[in-house]
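Mapping to the working numbering: the sequence shown position 60 is 60, numbers consecutive. Worksheet: the structure to be examined is printed underneath.
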Amino acid sequence: MPDFRDGRSAAVFKFWLSLNAGNVPHYKDWDPVKIHKFMRDIFIVQRHMEGGYFYRFAGTGVGEFLGKEVTGLALDAMLQPRDWHRAHASIDDLLSFPCGVLLRNITRTATGRMARVEFLILPLAADHDACDRIVVHMSVLETRGYGAGGPEFGSRIYLEWIDLGAGVPDDVIIAEGEGEPVSEFSPPLR
1 MPDFRDGRSA
11 AVFKFWLSLN
21 AGNVPHYKDW
31 DPVKIHKFMR
41 DIFIVQRHME
51 GGYFYRFAGT
61 GVGEFLGKEV
71 TGLALDAMLQ
81 PRDWHRAHAS
91 IDDLLSFPCG
101 VLLRNITRTA
111 TGRMARVEFL
121 ILPLAADHDA
131 CDRIVVHMSV
141 LETRGYGAGG
151 PEFGSRIYLE
161 WIDLGAGVPD
171 DVIIAEGEGE
181 PVSEFSPPLR
């Protein structure tokens with residue numbers, strides 16, 4: 001079991017596991033009614049036919065955190081230019097294996113509030129049995145202090161690839177950091 005800091009992440013992971021019978025669950029098996037109490041903090045990102053990714057769904061908690069409704073927007077619309085290439089490559093890796101990721105980082109909300117956030121990222125299969133989307137559960141672990149307004153993803157302070165039976169990537173693209181962290185928390189999250 002991954003090293004979850006939030007019981008909601010663990011519950012979402014257990015739900016995902018209950019759908020897959022040893023395989024990546026089909027996106028149609030992801031039933032929001034069965035997991036309704038967590039859907040406000042979930043977003044689903046899907047690969048475009050022509051490349052790139054878009055937000056297929058974003059719960060109300062995600063919209064509040066980001067400061068706007070992102071359903072239907074390109075993933076690039078919410079990422080800093082330095083982050084979008086790394087995000088695309090990481091999602092490509094996650095879907096091609098397929099595997100999961102548990103990521104904790106320091107980020108800034110739309111209102112400028114500094115937050116420690118845990119992201120559980122898991123693949124979903126499409127009709128042709130290839131994975132073309134990810135489901136992400138976002139748990140705000142702690143908020144402290146303020147910075148400039150506007151969402152920004154900062155330092156990655158913990159990353160764990162989750163082997164779902166097909167292995168994990170050798171290169172940890174998602175964990176590479178460019179630039180300075182948005183904020184420092186004390187004590188650091190481990």
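Yeah, the Cβ is synthetic: ideal placement off N, Cα and C, and Gly gets one too.
Beta-carbon proximity check, residue i vs residue j, cutoff 8 Å
i	j	result
F65	A166	no
P32	L124	no
G52	A74	yes
R86	G147	no
G67	A110	yes
S9	L159	no
Y27	A126	yes
I157	R113	no
Distance between residue j and residue i (C-alpha atoms, nearest Å)
i	j	result
R56	D93	19 Å
R144	R5	17 Å
F102	G72	It should be noted that the sequence gives Leu, not Phe, for residue 102. Straight-line Cα distance between these residues: approximately 24 Å.
D18	R82	Sequence check: residue 18 is Ser here, not Asp. Approximately 36 Å, taken between the alpha carbons.
K34	R133	19 Å
W161	V168	6 Å
G177	F15	Unreliable positioning characterises G177 in this predicted model, as indicated by a pLDDT of 44, which lies under 50. A coordinate reading is not provided.
Q80	G63	17 Å
V70	R40	13 Å
L164	C99	5 Å
V54	H88	First, the amino acid is wrong: residue 54 is Phe here, not Val. The straight-line gap from Cα to Cα measures roughly 11 Å.
T60	F43	9 Å
F38	L95	23 Å
P29	N23	One detail in the question is off: residue 29 reads as Asp in this sequence, not Pro. One C-alpha to the other measures close to 12 Å.
P2	V12	12 Å
D170	R47	22 Å
Beta-carbon separation (whole angstroms), residue i vs residue j, contact threshold 8 Å
i	j	result
E118	S90	Wrong, their Cβ atoms sit about 16 Å apart, outside the cutoff.
Proximity test, Cβ basis, 8 Å: residue i and chain C
i	result
L73	No chain C appears in the structure shown, which is made up of a single protein chain.
*Unbroken beta strand (DSSP E) runs of length 3 or more, entirely within the segment 91-120: which are they?*
100-108
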